[in-house]
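In my numbering, the protein residues as written are 9 to 214.
Below is one structure, written out as structure tokens, with a few remarks after it.
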Ligand code: TYD
């Protein structure tokens, strides 16, 4: 793979979308050709799978079904968008990737991180991020921001306890892979968070 694969992770309401916009513009100003994508979604089929996963009416959805649907949305995104872009030497920024499944399904849902990595290794053809930025903030703050912005989806409607497991799960994951996962404090103002992210990326950018 010739390109750079950057993933942005964090609890709901951590500000990933805003930071991805800023990062994308920064990378373009440095001459990178960029592709921005989001999970679940990023192409026609994965967006259709997203509709199923996040539909508030599907309260009976099993955790394994949920994990496999995220993995299938990811499989399509990798083969249709991410792998070709990396082959073409582009910088790919993904709003969430495997770590979201490891944390939300593996830790918060209790399916086990190893099981999640196993199904996802198959789904992603072994493609892993070069660097992951974790936007860290207390679960309560994140979900509070979401409530102000929009109607909550099926995952966001989970109890605070679930979102706390997510926030802690991310920290656990980061401590296990400190070389790849770089933690940024997302409670700071937008421009300061952006500056922290650029600082974390300096070793990987040319
Ligand atoms: P996201 O698109 O970040 O939410 P929004 O655009 O509404 O802010 O993510 C959708 C939800 O899916 C979010 O609650 C996290 C969850 N999720 C998982 O549980 N597992 C996964 O593998 C992914 C990619 C997302």
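C-beta: ideal position from N, C-alpha, C; glycine also.
In this text, all values refer to a predicted model and were calculated from it rather than measured experimentally.
In the DSSP assignment, residue 99 is bridged to 12, 42. Excluding residues up to 5 positions away in sequence, 48, 81, 84, 85 lie with their Cβ nearer than 7 Å to the Cβ of residue 54 in the same chain. Here DSSP, grouped into helix, strand and coil, assigns residue 107 to helix. For residue 140, the enclosing beta strand (DSSP E) begins and ends at 139-144. Taking C-alpha positions only, residue 66 is separated from residue 72 by approximately 14 Å.
By the C-beta density criterion, residue 144 is buried, having at least 16 other C-beta atoms within 10 angstroms. Within the same chain, Cβ atoms closer than 7 Å to the Cβ of residue 173 are found at 115, 116, the five residues on either side in sequence being excluded.
The beta carbon of residue 102 sits no closer than 7 Å to any heavy atom of the ligand TYD.
Using a Cβ distance threshold of 8 Å, residue 91 and residue 133 count as a contacting pair.
Boundaries around residue 121 are those of the alpha helix (DSSP H), 121-132, since no beta strand (DSSP E) includes it. Residue environment analysis places residue 63 among the exposed positions, since fewer than 16 neighbouring C-beta atoms fall within 10 angstroms of its C-beta.
By the 16-neighbour rule on beta-carbons within 10 angstroms, residue 45 is buried. Residue 21 counts as buried, since no fewer than 16 other beta carbons sit within 10 angstroms of its beta carbon. Taking a contact to require three or more Cβ pairs closer than 8 Å, the stretch 134-143 and the stretch 180-189 qualify as touching.
Within the DSSP bridge table, the entry for residue 193 names 144 as partners. Around the beta-carbon of residue 207, fewer than 16 other beta-carbon atoms lie within 10 Å, marking it exposed. The beta carbon of residue 27 sits closer than 7 Å to the beta carbons of 16, 143, 201, 202, 205 from its chain, once the five residues preceding and following it are set aside; these are given in chain order. Excluding five sequence positions before and after residue 30, the CB atoms of its chain that fall closer than 6 Å to its own CB belong to 202, given in chain order.
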